[in-house]
Amino acid sequence: MRKILSCVLMMTLLLAGCGGQQSENDSPEQLATRIRGEYLSLAGWNGQVEVTAHYDQQVYAFTLEVQWRREGETVLTVVSPELLAGITARLQDGEGTLEYDGAGLSIGALDGEGLTPIAALPALMEQVCTGYIARCDWQEAGEERRLYLQCRDPERAEGEGTQYELWLDPDTHALIQAEVSVDGTTCLSLIFTDFIMELTQDEAGDDADLGGDPSGQSGT
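Count the sequence shown with numbering that gives the first Met the number 0 and you get residues 0 to 219, in order.
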């Protein structure tokens, strides 16, 4: 039954295409469907992401400048802390390298499938576009309302395996926050700012911006 529901949602979003801003009468499911259509049409997005990674007793925090591209090379550059500034990850076709003065750096996996803080960003985009949505709802953050999505393996129960939680702006459709948990324990937290999306030329006639705050601040 879960697989059937997921297929129905996917067919609906493909028919819906891009839908603009949220309607006051939209249900969370309707808005999620429209957002999926938009994200499937993205050429890419630019922004900053504050990342906190939990490895057992160790916690690592850093900020990335991200240039994500659906086709071509995705580039993630560490901008803070200063000690790590300049470390760059380049991802293409599922392969990634980390560069720093010509040397490679390794980052430990967060789960048994090789998920790392760097690989988590493409994985999040995959969940938004095609992942199985187990829960979809409104959530309040102070005076703001956000669209909440929980994505996971449909063959697993909630809290089992790798699970993704995402919060999006209901008006601009920009990613605001995300968390990744493994077997019920949060291992990665991400906060997005300056999130600017670009449509493909086929959808916009040029690489037009989609969503995001003109001030450059998407939320949080």
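All residues carry an ideal CB built from backbone N, CA and C; glycine is no exception.
| Query | Result |
| --- | --- |
| Asn-45 and Ile-175: beta carbons closer than 7 angstroms? | no |
| Quick one: residues in its chain with C-beta nearer than 8 angstroms to the C-beta of Ala-42, no 5 flanking neighbours on either side, listed in chain order? | Arg-68, Arg-69, Glu-70, Glu-197, Leu-198, Thr-199, Gln-200 and Asp-206 |
| Does the distance from the CB of Gln-138 to the CB of Tyr-163 come in under 7 angstroms? | no |
| Please work out which residues of its chain come closer than 6 angstroms, Cβ to Cβ, to Tyr-59, disregarding the five sequence neighbours upstream and downstream, and give them in chain order. | Ala-52 |
| Need the endpoints of the beta strand (DSSP E) that Tyr-221 sits in, please. | The structure shown does not extend to residue 221, since the chain spans only 0 to 219, so no value can be given for it. |
| Within 10 angstroms of its Cβ, does Ala-102 collect 16 or more other Cβ (buried), or is it exposed? | In this prediction, Ala-102 has a pLDDT of 46, which is less than 50 and means its spatial position is unreliable; nothing more can be read from the coordinates. |
| So, is Tyr-54 buried or exposed, given that buried needs 16 or more other C-beta atoms within 10 angstroms? | exposed |
| So is Leu-82 buried or exposed if we call it buried at 16+ other beta carbons inside 10 Å? | exposed |
| Span of the alpha helix (DSSP H) holding Leu-30? | 27–39 |
| May I ask you to report which of helix, strand or coil DSSP gives Leu-114? | coil |
| Using 10 angstroms around the beta-carbon of Asp-168, count the other beta-carbons present and answer buried if the total reaches 16, otherwise exposed. | buried |
| Would you kindly report the start and end of the unbroken alpha helix (DSSP H) that includes Thr-129? | 119–129 |
| Candidates Val-74, Leu-146 and Leu-187: which alpha carbon is nearest Gln-91's? | Val-74 |
| Confirm, please, whether the CB-CB distance from Asp-193 to Gln-66 is below 7 angstroms. | no |
| Report, in whole angstroms, the separation of the C-beta atoms of His-172 and Glu-37, which I expect to be a contact under 8 angstroms. | 6 angstroms |
| For the beta strand (DSSP E) that Glu-164 lies in, which residues bound it at each end? | 161–167 |
| Taking the straight line between their C-alpha atoms, what separation do you get for Pro-121 and Glu-142? | 30 angstroms |
| Whole angstroms are fine: how far does the CA of Ser-180 sit from the CA of Ala-119? | 11 angstroms |
| In chain order, what residues of the same chain have a beta carbon less than 8 angstroms from the beta carbon of Ala-108, not counting five sequence neighbours either side? | Leu-114 and Thr-115 |
| Measuring only the C-alpha atoms, how far is Tyr-63 from Gln-57? | Reading the sequence as shown, one finds Leu at residue 63 and not Tyr. So the alpha carbons of these two residues sit roughly 19 angstroms apart. |
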